[in-house]
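J.: Below you will find the structure I want to go over with you.
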Amino acid sequence: MSTRLATGGRLVNKSRAVKFRFNGKHMDGFEGDTLASALLANDQMLVGRSFKYHRPRGIVAAGPEEPNGLVNLGEDGTFEPNARVTTTELFDGLTAQSQNHWPSLEFDVGAINKYLSRFLPAGFYYKMFIHPRPLWKHVYEPIIRHSAGLGRAPKSRDVDTYEHFYSFCDVLVVGGGVAGLEAARTAALSGARVMLMEQTAHWGGRTPVDGGDIDGKPAQDWIDATVAELSVMENVTLRTRTMAAGVYDHGYVLGYEQLTDHAPEMAGPRHRLWRVRAGHIITATGAIERPLSFAGNDIPGVMLAAAVRDYAVNFGVSVGDRTVVVTNNDDAYLTAFALKHAGLDVPAILDARVLPQDSAVMTQAKALGIRVLMGHAVSSVQGVKRVTGVSVCSQAGEGAVLEEINCDAVAMSGGWSPVVHLWSHCGGKLKWDTANACFSPDPDRGPLGADGAQFVTTAGAATGMFQLDDALNDAFAAADGTLRCLGLKLPKGAKASKAEHRDEAPMAPVWLMPQGAAVKLREKAWLDYQNDVKVSDVRLAAQEGFVSVEHAKRYTTLGMATDQGKLSNINGLATLAGALGEEIPAVGTTTFRPPYHPISMASIGGEARDAAFQPIRRTPMYDWHNANGAEWEPVGQWRRPYAYKRGDENTHDAVMREVTNTREKLGLLDASTLGKLIVKGPDAGAFLDLMYTNMMSTLKPGKCRYGLMCNDNGFLIDDGVVARIDEDTWLCHTTTGGAERIHAHMEEWLQTEWWDMKVYVANVTEQYAQIAVVGPNARKALEKLGGMDVSKETLGFMDWADGVIGGFNVRVYRISFSGELSYEIAVDASHGQAFWDALMAVGADLGVMPYGTECLHILRAEKGFIMIGDESDGTVIPQDLNLHWALSKKKEDYLGKRAHLRSHMADPNRWKLVGLETTDGSTLPDGAYAVAEGKNENGQRNMIGRVTSTYHSPTLGKGIAMGLVHNGPDRMGEVLEFPGTDGKTYSARIVDPVFYDKEGEKQNV
Amino acid sequence: MLIVSCPNCGITAEETEFHAHGEAHITRHAADSSDDQMETYLFMRKNPKGVHFERWRHQNGCGKWFHMARCTMTLEVFGTYSAQTYAPPEELLAQIDAKRPGWRTPS
């Protein structure tokens, strides 16, 4: 049984009881508990099921390395899957559900997989589900999808808020254990700006549990004094519950602060993401204990030795009445002592080492009356959902049982591995530390910053300094070295804090227990608890040729679970190395990537949600549109009215009405979003001749010309009407989404290729409100408003003029994107709404109606006008769209000219623009492909064309479309087949893309 | 995330303020060039493990273009310089020579 002890528990406040629920069951804990310690106090050792075999899983660790204790936390708007019980602080009213089991945690149908485990070896999925292919989609995939994944996805909207903080410091120290505190204290003495992050709620790390004196006083006193000293220093920022999730290029660090997870009733954001730029980073991230690989090491009740000690000392929780300690090092003896001191039984310490004489801790253990069995190991652990005993064998043998010991917990220690993740994120290299059988940071090959100098230094156990005095000296040296890098100095007389060196016997690497364990035992010796990877799986991978550690990892899924192999990686590497007959350093490690420990998606999003997700651009008439039935369409960051609905009209009917009204009477379009670039200077004409495919330098002031732009690959990137304002000024209209892009495009060529040209480009898009006055009554409306002469004779098609209309200063362009008589009129943005109001008022008798973007599209499609982004997609050239007339033959050079001669561009087989008319008047599906006889090499129908724009035209009373078709213009009248995604096949005839007013008389009146 | 200094406005800022635009000092080929020259100009790019000269723009800042010499392996920035030049400044090349002897002839 695991239970709460009457004594002990330095982190819990026994006067404050806390109630919570696990799988619907009411349980009690104390303030200061983690969910893990509270569950153990309630004898809830079983917390989940493993991923593949659904084996019962218990708590193994006490920190973020925990592989098994993952729960669905909270409900509805605060629901979160895969919360780790060891890092979840208990609060009143917490609810948690265990994961990956059906129908219940205690009885799980999927556990039948364990009887099939012989048939589910490494790579099983790859081998099994590849044949026959059709079964994949309908049988295998649905089953695998059902059984895949841990936890449930949240169904409700997250009710909490999140924020980002930007921060700068000279020295960022990660880890608030004694090494981190010592490094921060030392660095702060120089006056440097220091930030110290600690992932838990407590300072001091595990030293208060493991014991020792610093500067002649108990560690806890030194910790309290140091924190007190730091907290009053102006240049120091201290954060608990803040994990450094990742170290990125040039000293950028993401810190993840959990502000209210421990107390959800608190106001304010739940998580804060710190985006820190540090001059130098000291990682004092400590070390993680390794499990030992023996048969049954996954049975609930088998835990890391240090975790057993943590639960007893920190939380006053006993994980079992009788705990067998199994180890290859001295450190695990501290667990035996802690349990003994708590009044619990330790029937034996199985020490795999054979030492010439008893080490100091062995002598101490024996003095406490504990049996110490040198050279001994666990042959197998007994029990199913809970440990009931261990079979003891010799480490040197093959597992012959010498003795059975009854116990309800096993505390194991395979040695310690420095937490090197942050060191490695930006390329810090590792070296093999033979004495401690672990990878530790190689100080000569650290991550390099912007100036080519190392910007991360490790301190304490993260360096591989596991003794208290070594760790403190290392931390002091790390801070000293860091200050030198930054050009700062320690004050005279600054000294490292001192501790006693413990007399320790060397550890011995043990990668399998017993050393000669046969297949039967290896099949039960777990490496990765969450993903169910065993020693036998890694050996099989090696045997099957997965000799690279990165391949073996993916083949077996070792270390690919949500704990990212914090416990399993080194044991797995060692097992692989053993199977390959290689040294461990020769096999190497897999790559460490951020985050160190999962962080919430919401913290990454921060405040960027809802209205703050991205800026929205509104034209001066936005509010009017909104009040007059506009259905909004996002166009880049702009919002444009798609259509204006009247009464209970549906969107389609509104669009049809707007088209007919504009063709027959008068329509107003808010065209303010069109890009407007002023290009000015002595060389502006020459420059625009390079930018556009047609000639702009010959345009006369007062005239407009439609222009095309290509990139130097020859592909069409934008189009629009260019107006020459005066001798050295042009105004270039771009597409709505294109203003910033084309401005940047022009600047790129001006700054990086033709920098000797005297040209200035200004984006004036938002300076003007622009209104298209369109339809047979357009001129009448303007004349009624009164002012400048807008007659055909004075202001002909493709002319522009400045003047006054209805008292407004206007610039009028006689251009048409609809085929109707049309004036596009620009006024200062601040007069946009007033001018719109004036047009609506004067147009009342002339049948004026505003129209939206869908009407605009239909009007232009009826005229066969192309739309960038519909007819072009980045692979289309002007020739494809029969726009040869807009390609200058006179100009020696323009962007794309030479590229158009390349063989692929000049290929006569390119698909070309045509009109398409369904044979039954229906509307073609957008993006549909025209198919021909036969199939291609992928077994798909051969394709000979595709639909680029398709609409129902109320003017013509039928569906019209444009498309790109192989040899299209030569196939007029031919009927093509377009299979739709709705199962129907549509037939459409190839026709001229100009459906309406082919002669262009209506726009030229 | 890199730290970048804009030689035009003098600001040192986060990479998110800037945008990278690939290899620098590409010779534009146009009229009268051969297909091979066009292929080289449009598509052929170096991909060195080490010193690389790049085009950057201070996109969310002054808007100006510039060049940057950077190590693609360690991400060390050797320097930034004007976009209005056909080759890196000699001074910068000398600095890179000192830091990365032999970089001009990649193995």
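Residue numbers (the numbering used here), protein chains in the order written: chain A, 1 to 1005; chain B, 1 to 107.
Beta carbons: idealized from backbone N, C-alpha and C, even for Gly.
This structure is a prediction, so every number in the text was calculated from the model and none was measured.
Assess contact between the segment 538–551 of chain A and the segment 442–460 of chain A, defined as three or more Cβ pairs (one per stretch) separated by less than 8 Å. Is contact present?
T.: Because the criterion of three Cβ pairs below 8 Å is not met, the segment 538–551 of chain A and the segment 442–460 of chain A do not touch.
J.: From A/E820, A/D474, A/G803 and A/L964, pick the residue whose C-alpha is nearest to that of A/V773; which is it?
T.: Checking every option, the nearest Cα to that of A/V773 belongs to A/E820.
J.: Please name the residue, chosen from A/G415, A/T285, A/C407 and A/K340, that lies closest to A/A332 on a Cα-to-Cα basis.
T.: Of the listed residues, the one whose Cα sits closest to A/A332 is A/G415.
J.: Tell me, please, which residues DSSP counts as bridged to A/S98.
T.: In DSSP, A/S98 forms a bridge with A/V71.
J.: By DSSP's criteria, A/Y929 is part of a beta bridge. Which residues make up the other side?
T.: A/Y929 is bridged to A/R946.
J.: Excluding the 5 residues preceding and the 5 following A/H884 in the sequence, name in chain order all residues of the same chain whose CB lies nearer than 8 Å to its CB.
T.: The answer, listed in chain order, is P878.
J.: List the residues of chain B whose Cβ lies closer than 8 Å to the Cβ of A/N713, in chain order.
T.: Chain B residues near A/N713: L42.
J.: Tell me the rounded alpha-carbon separation between A/M695 and A/V1005.
T.: C-alpha separation (whole angstroms): 26 Å.
J.: Please state the DSSP three-state secondary structure of A/P154.
T.: A/P154 falls in the coil class under three-state DSSP.
J.: Please check if any C-beta of chain A sits within less than 8 Å of the C-beta of B/D97.
T.: By this cut-off, B/D97 is not an interface position.
J.: Flag A/H250 as yes if its beta-carbon sits less than 8 Å from any beta-carbon of chain B, otherwise no.
T.: Yes, A/H250 counts as interfacial toward chain B.
J.: Return the Cβ separation of A/I59 and A/A83 in integer angstroms, given the expectation that the two are a contact with Cβ distance under 8 Å.
T.: The Cβ separation is near 14 Å, so there is no contact.
J.: Can you list, in chain order, the residues of its chain with a C-beta nearer than 8 Å to that of A/T736? Leave out the 5 residues immediately preceding and following it.
T.: Hits under 8 Å: V635, G636, W638, R640, T673, L674 and G675.
J.: Does the beta-carbon distance from A/P67 to A/T87 come in below 8 Å?
T.: Their beta carbons are not under 8 Å apart, which means A/P67 does not touch A/T87 by this criterion.
J.: Buried or exposed: A/A769, going by 16 or more other Cβ atoms within 10 Å of its Cβ?
T.: It counts as buried.
J.: Looking at the unbroken alpha helix (DSSP H) that takes in A/W885, where does it start and where does it end?
T.: Segment: none, A/W885 is in no alpha helix (DSSP H) and carries neither H nor E.
J.: Can the beta-carbon of A/A411 be found closer than 8 Å to that of A/V308?
T.: Yes.
J.: In this structure, does DSSP put B/Y81 in helix, strand or coil?
T.: It is a strand residue.
J.: Should B/R55 be flagged as near chain E, meaning a C-beta pair shorter than 8 Å?
T.: Absent from the structure: chain E. Protein chains present are A and B.
J.: Below 8 Å between beta carbons is the criterion; list the residues of the segment 437–471 of chain A that meet it against any residue of chain B, in chain order.
T.: Cβ contacts with chain B: L448, G449, A450, D451 and G452.
J.: Does any residue of chain A bring its CB to less than 8 Å from the CB of B/K49?
T.: No, because no Cβ of chain A sits closer than 8 Å to the Cβ of B/K49.
J.: Once the 5 residues before and after A/A494 are set aside, which same chain residues still bring their CB inside 7 Å of it?
T.: T186 and L189, listed in sequence order.
J.: How do the segment 153–172 of chain A and the segment 593–612 of chain A stand: do at least 3 beta-carbon pairs fall below 8 Å, yes or no?
T.: Enough Cβ pairs lie closer than 8 Å, so yes.
J.: Are the C-beta of A/K676 and some C-beta of chain B separated by less than 8 Å?
T.: It does not: the Cβ of A/K676 has no partner Cβ on chain B nearer than 8 Å.
J.: Chain A partners of B/H29, CB-CB under 8 Å?
T.: Correct list: R898.
J.: Contact criterion: CB-CB distance below 8 Å. Does B/A83 meet it with respect to chain A?
T.: Answer yes: the Cβ-Cβ gap between B/A83 and chain A drops below 8 Å somewhere.
J.: Taking 8 Å as the CB-CB cut-off, is A/W755 touching chain B?
T.: Yes, its Cβ sits closer than 8 Å to a Cβ of chain B.
J.: Using DSSP bridges, identify the partner residues of A/T589.
T.: DSSP output for A/T589 lists no bridge partner at all.
J.: Would you please verify whether the beta carbon of B/D35 is less than 8 Å from any beta carbon of chain A?
T.: Yes, B/D35 counts as interfacial toward chain A.
J.: With a CB to CB cut of under 6 Å and the five nearest residues on each side skipped, what residues in its chain are close to A/R554?
T.: The answer is none, since no qualifying residue turns up.
J.: Between the alpha carbons of A/E854 and B/Y81, how many angstroms are there, rounded?
T.: The straight-line gap from Cα to Cα measures roughly 47 Å.
J.: Measuring CB atoms only, is the segment 771–790 of chain A touching the segment 799–809 of chain A, in the sense that at least three cross pairs come out at less than 8 Å?
T.: Contact between the segment 771–790 of chain A and the segment 799–809 of chain A is present, because at least three Cβ pairs lie under 8 Å.
J.: Looking at the structure shown, is A/G251 part of a helix, part of a strand, or coil, going by DSSP?
T.: In this structure, A/G251 counts as helix in the three-state DSSP scheme.
J.: Can you grab the Cα-Cα spacing for the pair A/M867 / A/V71, in whole Å?
T.: So the alpha carbons of these two residues sit roughly 52 Å apart.
J.: Measure from the C-beta of A/R593 to each C-beta in chain B and report whether the shortest distance is under 8 Å.
T.: Taking Cβ atoms only, chain B never reaches closer than 8 Å to A/R593, which makes this a no.
J.: Apart from the five residues just before and just after B/H21, which ones in its own chain have a Cβ nearer than 7 Å to its Cβ?
T.: Hits under 7 Å: R55, W56 and R57.
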